[in-house]
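All letters in the sequence shown, in the order written, are residues 1 to 984 by full-length UniProt numbering.
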Amino acid sequence: MLATHIMLQVCGQGSNRLKLTVLSEDRLQMKWKETEGNSNGYKVRVKPMAGDSEQEVMLKTKTAKVTVGGLSPTKEYTLQIYILNGSQETLFVKRKFVIEELKNLSQARSNRRHPTIAPETVQLPLGIPATVYMLEPDATSPPTTETATLIRRDDMDKKRLKTTVSKVVSEGAPEAETTSMLATPTTMKMTVLSSEGFRIDYLDQEKTTSESLREASPIHCDTSAMIDIILLVDGSWSIGRNNFGLIREFLASLVAPFNIAQDKIRVGLSQYSSDPRTEWDLNTYSTRYEVLEALRSLRYKGGNTFTGLALTHVLEQNLKAEAGARPEATKLIILLTDGKSQDDATPAAQTLKNMGIEIFAVGVKNADEAELRHVASDPLEMTVYNVLDFPLLSSLVGRLTRVLCARIKEKNKDESTGKTVKAVPVNVGTRLSPTNLVLKEVTSRSLRLTWNPPEIPPKKYRVVYYPSRGGIPKEVVLDGAVSTAQLVNLTSHTEYLVSVFPIYENAVGDGLRGITSTLPLSAPASLRVSEISHNSLRLSWEPADGATQYLILCSSAPSGAEDDTKEVKVEKTEVLLNGLSPNTEYSLAVYALYGEDASDPASVQETTLALGPPKHLRFSNINHASVRVNWEVASHAVKTHRVTYVSSQGSNSGGVDVPGNASYAVLKPLSSMTQYFVSVVSIYDEGDSFPVTGNVTTLKVPPPSHLKVTELPGEEARLEWEASAEADIVVYQIQWSVVGEEKAQELSVAGNLASSLLSGLKKNTEYQISIWAYYKDGARSDIVSLRHRITAKNPPTHLVVDSETPSSLQIHWNPPDGAVQHYRLTYAPESGNKHQEMITVSGRSRSVTLHSLLPNRLYTVTVSAVYATGESDPASVAGHTASILARLPTTRESVSFRNEDCPFIDSTEDSLQGFDMMEAFGLTEKGYASIKGVAMEPYIFLGAHIYTLFKDIQLTQKTSEVFASGIPSEYTITFLLRLLPESP
Numbered sequence: 001m002l003a004t005h006i007m008l009q010v011c012g013q014g015s016n017r018l019k020l021t022v023l024s025e026d027r028l029q030m031k032w033k034e035t036e037g038n039s040n041g042y043k044v045r046v047k048p049m050a051g052d053s054e055q056e057v058m059l060k061t062k063t064a065k066v067t068v069g070g071l072s073p074t075k076e077y078t079l080q081i082y083i084l085n086g087s088q089e090t091l092f093v094k095r096k097f098v099i100e101e102l103k104n105l106s107q108a109r110s111n112r113r114h115p116t117i118a119p120e121t122v123q124l125p126l127g128i129p130a131t132v133y134m135l136e137p138d139a140t141s142p143p144t145t146e147t148a149t150l151i152r153r154d155d156m157d158k159k160r161l162k163t164t165v166s167k168v169v170s171e172g173a174p175e176a177e178t179t180s181m182l183a184t185p186t187t188m189k190m191t192v193l194s195s196e197g198f199r200i201d202y203l204d205q206e207k208t209t210s211e212s213l214r215e216a217s218p219i220h221c222d223t224s225a226m227i228d229i230i231l232l233v234d235g236s237w238s239i240g241r242n243n244f245g246l247i248r249e250f251l252a253s254l255v256a257p258f259n260i261a262q263d264k265i266r267v268g269l270s271q272y273s274s275d276p277r278t279e280w281d282l283n284t285y286s287t288r289y290e291v292l293e294a295l296r297s298l299r300y301k302g303g304n305t306f307t308g309l310a311l312t313h314v315l316e317q318n319l320k321a322e323a324g325a326r327p328e329a330t331k332l333i334i335l336l337t338d339g340k341s342q343d344d345a346t347p348a349a350q351t352l353k354n355m356g357i358e359i360f361a362v363g364v365k366n367a368d369e370a371e372l373r374h375v376a377s378d379p380l381e382m383t384v385y386n387v388l389d390f391p392l393l394s395s396l397v398g399r400l401t402r403v404l405c406a407r408i409k410e411k412n413k414d415e416s417t418g419k420t421v422k423a424v425p426v427n428v429g430t431r432l433s434p435t436n437l438v439l440k441e442v443t444s445r446s447l448r449l450t451w452n453p454p455e456i457p458p459k460k461y462r463v464v465y466y467p468s469r470g471g472i473p474k475e476v477v478l479d480g481a482v483s484t485a486q487l488v489n490l491t492s493h494t495e496y497l498v499s500v501f502p503i504y505e506n507a508v509g510d511g512l513r514g515i516t517s518t519l520p521l522s523a524p525a526s527l528r529v530s531e532i533s534h535n536s537l538r539l540s541w542e543p544a545d546g547a548t549q550y551l552i553l554c555s556s557a558p559s560g561a562e563d564d565t566k567e568v569k570v571e572k573t574e575v576l577l578n579g580l581s582p583n584t585e586y587s588l589a590v591y592a593l594y595g596e597d598a599s600d601p602a603s604v605q606e607t608t609l610a611l612g613p614p615k616h617l618r619f620s621n622i623n624h625a626s627v628r629v630n631w632e633v634a635s636h637a638v639k640t641h642r643v644t645y646v647s648s649q650g651s652n653s654g655g656v657d658v659p660g661n662a663s664y665a666v667l668k669p670l671s672s673m674t675q676y677f678v679s680v681v682s683i684y685d686e687g688d689s690f691p692v693t694g695n696v697t698t699l700k701v702p703p704p705s706h707l708k709v710t711e712l713p714g715e716e717a718r719l720e721w722e723a724s725a726e727a728d729i730v731v732y733q734i735q736w737s738v739v740g741e742e743k744a745q746e747l748s749v750a751g752n753l754a755s756s757l758l759s760g761l762k763k764n765t766e767y768q769i770s771i772w773a774y775y776k777d778g779a780r781s782d783i784v785s786l787r788h789r790i791t792a793k794n795p796p797t798h799l800v801v802d803s804e805t806p807s808s809l810q811i812h813w814n815p816p817d818g819a820v821q822h823y824r825l826t827y828a829p830e831s832g833n834k835h836q837e838m839i840t841v842s843g844r845s846r847s848v849t850l851h852s853l854l855p856n857r858l859y860t861v862t863v864s865a866v867y868a869t870g871e872s873d874p875a876s877v878a879g880h881t882a883s884i885l886a887r888l889p890t891t892r893e894s895v896s897f898r899n900e901d902c903p904f905i906d907s908t909e910d911s912l913q914g915f916d917m918m919e920a921f922g923l924t925e926k927g928y929a930s931i932k933g934v935a936m937e938p939y940i941f942l943g944a945h946i947y948t949l950f951k952d953i954q955l956t957q958k959t960s961e962v963f964a965s966g967i968p969s970e971y972t973i974t975f976l977l978r979l980l981p982e983s984p
């Protein structure tokens, strides 16, 4: 078996090496270096060229070695080996190969490494290289007809050499002569030493010293019969070059005993594999020496095993008169093969046997014996031979030679005695041959052929057809009465060789031959690309009639990168190809699939878009410390936008990332009055877009605005201002001075404040007030100034307190001149812990009632007028609330009840006469906490103090304690209680 070793360096991770070994014509072994680290094994993918009907091979293995069979030696395949790691697959090796190219490359390298060295010994015309003839006397041994004895070379030293004769071969002579040094007649044994370490012993007949010793063989078939012998030799890959040398030796030994001459035995040879080849015709050589020389130089062919096609070749080519075939000569075919035929050899063999041609079948090693028996002629025990290995072929020489010689002599005897011998009229003229072969109605899958029948109708027609570029021949056997045939299930867009042979009972006519190409399958039309994005393309096309599916190949081959091909099968006439690389040119091909066949592709090239950058960059909301950067989003596939900036001096830089759907970003903090260069990049899953850039200059820092001066009582005024919304102010500086004077007062105010008190101001004096701001970046704003005149503000006059009750006081005053905006009143008892309270009333008011006061307390009340420019000095007055019992008579009988005796109490509507019952029950701010059943904390509801009573609490108070004379019956006392949901 041939083993071709090719070592290829594979560029990849580390120093990985791939070793491809051709085991046979259709089997390839792959080995590679184990990968480092953990892996789950390997996936091996052997894929034929796109569009080939042959199925791809895919398998998984744990080891770094695998053998793939069923390959074609002439087809190109792509080998891909992936490393499996969990659910991930990583491409490890990718290699394209053709088995025949690997074989030829290996042979060329082998020849360079081991050039042929001419041996010192003589080359003999037996086709056995590097042999030495040695003669050994054997006086006791009679002439024998047994086969040659094979003796190991290392056994030769055990024999005593009695005579040594050197043999010189004259170039071109039919036989070589040997000079003997023996004085007496003897029987000699001729020993042939071969380069394989064996010797072949031939027993010669007795010769005298005066006679020349001639080359002999164990059998000499002496016959004058006219025999045409065709040697049909399998030269497929499975044999191997070394074994083919053994075949040459076997054939040389086989034909050596026969008397080869133009008028006697002729020998022709054809070697076959995928396609048969005539090595020489029957009339090429006329001597045994020439045939043996031709066998010695027979070159190994290589290919697949098509025995049926080879037998047809013998019938059509080797047995023609122009090839040396003689109509009157007996014809023998000796077939030698080592495997089962890939086509059916039986029909062709039967045709030959029907014509009287005898077939001998010799099988070696993997030969199919059943097939040999179908091919060979009867009797099979004489025509079928099979050995286990090539070295054992030599064991067949003796028997097969005797059988051939016996058959030849038997046929010669039949001819000499006048017995009828079946004639073999291989070519008897146009009467047996059809004419005018026409190939028509050609489609992608079929064609029709017609012909004109010969004058003598044949028994059958044999139609043989196969692709011209190689493939398995197929045949159709038709009745001799028809003259047309339909060939179906052809491969589309393929050139076919078609032959038609008329088969007769004892003859075969000349065949008709034609060549034509099937039509290509209907391909998709109007291929177009739409919806192009950075990572996808949409393909659409017009449908192809009869297509079952469509195969889409999308490939790109960036410079220096591996070929990246995506395959997609769809049933519709459009497809969206996702997961593409941006800004990459792709070759797109669409095949229409018809079962296992594919049409020619419709193809187009298209480039994906680059990753889209943001569009329409612009700036807004520019101030001294920040800028808003705006853009339009280029694609929904953007994951993030990255905005970076740097000042023109390079001292201030930064950046910010915002989501992919955002269309703006605010850059801060920036320096005022500084130019910035801004860059925006859109980030995708596949990478970053090109940046879009712009520049912007920040504004000067803003000064405080909306200055306002409010005069306060005394010598003070409040200065108020507004700061910028984005202000990062550290400190404000305020300066004020009398207009016309240089002396100024100055103070600093924290940057987070928006007002300040100016003190030491004089009434009826105009001031120049200025303010500016210092920012974090050291920038100073412009100075903002205003002039303000401090005027004296008159307070209200003639304050009077009256209408004193236990809980209220009424205050009256005369308004001052000027536009008073409102009055501010403050009041507080002089004793006690109650804090000061303040209210404001309209500038049009002249009085106000103070409520919720404590009984029998002295209150100090101050009133000031508030103008647009400030507040006047306050005016004060004191008032005393009445006691609760101050107005009650001492006895009921002594004082009659009068309405005017009722005190006034406050109401939301106005002052009313009556009694404050809350006060009467002690529910006042000072006394409620000591009453059992009342909550500790009051709250205010609608301006009144509200006290919470606990559940099931009873408060009792005699009316006489409220009003000494009692309350008349016409009066009704009503208590309104509101029960809250979460009352305690």
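For each residue, glycine too, the CB sits at the ideal point set by N, CA and C.
>> Would R628 and V666 qualify as a contact pair, given that the criterion is a beta-carbon distance under 8 Å?
In response: Working through the sequence shown from its first residue, we reach residue 628 at position 628. Working through the sequence shown from its first residue, we reach residue 666 at position 666. Yes, they are a contact pair.
>> Taking the alpha-carbon of P703 as reference, which of V709, Y285, V731, F690 has the nearest alpha-carbon?
In response: Start at 1 with the first residue of the sequence shown, and residue 703 comes out as number 703. Checked all of V709, Y285, V731, F690; the closest Cα to P703 is V731.
> Name the DSSP beta bridge partners of N386, please?
Replying inline: As a working note, residue 386 is residue 386 in the sequence shown. Per DSSP, G363.
> So, do the region 716-724 and the region 752-766 have three or more beta carbon pairs nearer to each other than 8 Å?
Replying inline: yes
> What three-state label does DSSP hand G660 in the structure shown?
Replying inline: Taking the sequence shown and counting its residues from 1, the one referred to as residue 660 is at position 660. Coil.
> For T805, which three-state DSSP category applies?
Replying inline: Translated into the one-based positions of the sequence shown, residue 805 becomes position 805. The answer is coil: DSSP assigns T805 none of H, G, I, E or B.
> Can you name, in chain order, every residue of its own chain whose Cβ lies under 7 Å from the Cβ of T494, other than the five neighbours on each side?
Replying inline: Within the sequence shown, numbered from 1, the residue matching residue 494 stands at position 494. Within the same chain, P467, S517, T518 come within 7 Å of T494 by CB-CB distance, once the 5 residues on both sides are set aside.
>> Using only the alpha-carbon positions, how far apart do A64 and W237 sit?
In response: Taking the first residue of the sequence shown as position 1, residue 64 is located at position 64. Taking the first residue of the sequence shown as position 1, residue 237 is located at position 237. Distance between the alpha carbons of A64 and W237 is about 25 Å.
>> Rounding to the nearest angstrom, what Cα-Cα distance links L91 and L553 in this structure?
In response: Counting from 1 along the sequence shown, the entry for residue 91 is found at position 91. Counting from 1 along the sequence shown, the entry for residue 553 is found at position 553. In a straight line, the C-alpha of L91 is about 19 Å away from that of L553.
>> For the region 239-246 against the region 255-263, do three or more pairs of beta-carbon atoms, one drawn from each stretch, fall closer than 8 Å, so that the two count as touching?
In response: By the criterion of at least three beta-carbon pairs nearer than 8 Å, the region 239-246 is not in contact with the region 255-263.
> Contact check, Y664 vs G655 under 8 Å by CB: the rounded distance?
Replying inline: Within the sequence shown, numbered from 1, the residue matching residue 664 stands at position 664. Within the sequence shown, numbered from 1, the residue matching residue 655 stands at position 655. Wrong, their Cβ atoms sit about 15 Å apart, outside the cutoff.
>> Are the CB atoms of Q810 and I771 within a distance shorter than 8 Å?
In response: Sequence index remark: in the sequence shown, residue 771 carries index 771 (1-based). Sequence index remark: in the sequence shown, residue 810 carries index 810 (1-based). No, these two residues do not count as a Cβ contact at 8 Å.
> Quick one, which of L699, S842, G687, S682 has its alpha-carbon nearest L670's?
Replying inline: Counting from 1 along the sequence shown, the entry for residue 670 is found at position 670. The residue with the shortest Cα to Cα distance from L670 is L699.
>> Given this structure, state the Cα-to-Cα distance separating W813 from K762, to the nearest angstrom.
In response: The count along the sequence shown starts at 1 and reaches residue 813 at position 813. The count along the sequence shown starts at 1 and reaches residue 762 at position 762. So the two alpha carbons sit approximately 27 Å from each other.
> Taking the alpha-carbon positions, what's the V424 to K440 distance?
Replying inline: The sequence position of residue 424 within the sequence shown is 424, counting from 1. The sequence position of residue 440 within the sequence shown is 440, counting from 1. Residue confidence is low: V424 scores 44 on pLDDT, short of 50, so the model does not pin down where it sits. Its coordinate-derived value is still stated next. So the alpha carbons of these two residues sit roughly 34 Å apart.
> If you draw a straight line from the C-alpha of E766 to the C-alpha of T791, how long is it?
Replying inline: Taking the sequence shown and counting its residues from 1, one reaches residue 766 at position 766. Taking the sequence shown and counting its residues from 1, one reaches residue 791 at position 791. C-alpha separation (whole angstroms): 9 Å.
>> Quick check on the DSSP output: the beta strand (DSSP E) that includes E76 runs from which residue to which?
In response: Counted from its first residue, the sequence shown places residue 76 at position 76. Where E76 is concerned, the enclosing beta strand (DSSP E) stretches over 76-85.
> Are the CB atoms of N283 and G235 nearer to each other than 8 Å?
Replying inline: By 1-based counting over the sequence shown, the position of residue 283 is 283. By 1-based counting over the sequence shown, the position of residue 235 is 235. No, these two residues do not count as a Cβ contact at 8 Å.
>> Less than 8 Å between the C-beta atoms of A637 and P613, yes or no?
In response: Translated into the one-based positions of the sequence shown, residue 637 becomes position 637. Translated into the one-based positions of the sequence shown, residue 613 becomes position 613. Cβ atoms of A637 and P613: not closer than 8 Å.
>> So for T144, helix, strand or coil by DSSP?
In response: On the sequence shown, residue 144 is found 144 positions in, with the first residue counted as 1. With a pLDDT of 32 at T144, under the threshold of 50, the modelled position of this residue cannot be trusted; read the value that follows with caution. Reduced to three states, the DSSP call for T144 is coil.
>> Please tell me whether, using a cut-off of 7 Å, the distance from the CB of S872 to the nearest non-hydrogen atom of the ligand GTP is below it.
In response: The ligand GTP is absent from the structure shown, which contains no ligands of any kind.
>> Suppose the cutoff is 8 Å on Cβ atoms and the five residues either side in sequence are ignored; what does the same chain contact list for L617 look like?
In response: As a working mapping, residue 617 is identified with position 617 in the sequence shown. Excluding residues within five positions, the ones whose Cβ falls inside 8 Å are V629, N630, W631, V678, V680, V692, T693, G694.
> Looking only at its own chain, which residues have a Cβ that is under 8 Å from the Cβ of H835, when we skip the five neighbours before and after it?
Replying inline: For the purposes of this step, residue 835 is identified with residue 835 of the sequence shown, where counting begins at 1. So the qualifying residues of the chain are A828.
>> Contact defined as beta carbons within less than 8 Å: I believe R462 pairs with P347. What is the distance between those atoms, to the nearest angstrom?
In response: Here residue 462 refers to the residue found at position 462 when the sequence shown is read from its first residue. Here residue 347 refers to the residue found at position 347 when the sequence shown is read from its first residue. Contact between R462 and P347 is confirmed by a C-beta separation of about 7 Å, below the 8 Å threshold.
> Can you tell me where the alpha helix (DSSP H) with Q350 in it begins and where it stops?
Replying inline: Residue 350 sits at position 350 when you count from the first residue of the sequence shown. Counting along the chain, the alpha helix (DSSP H) containing Q350 begins and ends at 346-354.
> Using the C-alpha atoms, what's the distance from N661 back to E711?
Replying inline: The residue you call residue 711 lines up with position 711 of the sequence shown. The residue you call residue 661 lines up with position 661 of the sequence shown. Rounded to the nearest whole angstrom, the C-alpha separation of E711 and N661 is 53 Å.
> Ends of the beta strand (DSSP E) at V731?
Replying inline: Position 731 of the sequence shown, counted from the start, is the residue given in the question as residue 731. In this chain, the beta strand (DSSP E) harbouring V731 covers 729-738.
>> Quick check on K409: does DSSP put it in helix, strand or coil?
In response: Residue numbering aside, residue 409 sits at position 409 when the sequence shown is read from its first letter. Three-state DSSP puts K409 in a helix.
> Just the Cα atoms here: how many angstroms apart are P434 and P453?
Replying inline: By one-based count along the sequence shown, residue 434 stands at place 434. By one-based count along the sequence shown, residue 453 stands at place 453. Rounded to whole angstroms, the gap between the alpha carbons of P434 and P453 is 5 Å.
> Do V861 and H822 come within 8 Å of each other at the CB atom, strictly closer than that value?
Replying inline: By 1-based counting over the sequence shown, the position of residue 822 is 822. By 1-based counting over the sequence shown, the position of residue 861 is 861. Against a cut-off of 8 Å, the Cβ pair of V861 and H822 comes out as no contact.
> Under the three-state reduction of DSSP, which class applies to L20: helix, strand or coil?
Replying inline: Against the sequence shown, residue 20 aligns to sequence position 20. Note: L20 maps to strand in three-state DSSP.
> Using 8 Å as the Cβ pair cut-off and three pairs as the minimum, do the region 224-233 and the region 326-338 touch?
Replying inline: yes
> Alpha carbon to alpha carbon, what distance is there between K31 and V93?
Replying inline: Counting from 1 along the sequence shown, the entry for residue 93 is found at position 93. Counting from 1 along the sequence shown, the entry for residue 31 is found at position 31. Cα-Cα distance, rounded: 11 Å.
> What's the call for I515, buried or exposed, on a 16-neighbour Cβ count within 10 Å?
Replying inline: Translated into the one-based positions of the sequence shown, residue 515 becomes position 515. The residue in question, I515, is exposed, as its Cβ has fewer than 16 Cβ neighbours within 10 Å.
> My guess is that S273 and H313 are in contact by the Cβ rule of under 8 Å, so how many angstroms apart are they, rounded?
Replying inline: In the sequence shown, the residue the question calls residue 273 occupies position 273. In the sequence shown, the residue the question calls residue 313 occupies position 313. Not confirmed; about 12 Å, so no contact.
>> With the cut-off set at 8 Å, would you say P458 and Y385 are in Cβ contact?
In response: Taking the first residue of the sequence shown as 1, we reach residue 458 at position 458. Taking the first residue of the sequence shown as 1, we reach residue 385 at position 385. Against a cut-off of 8 Å, the Cβ pair of Y385 and P458 comes out as no contact.
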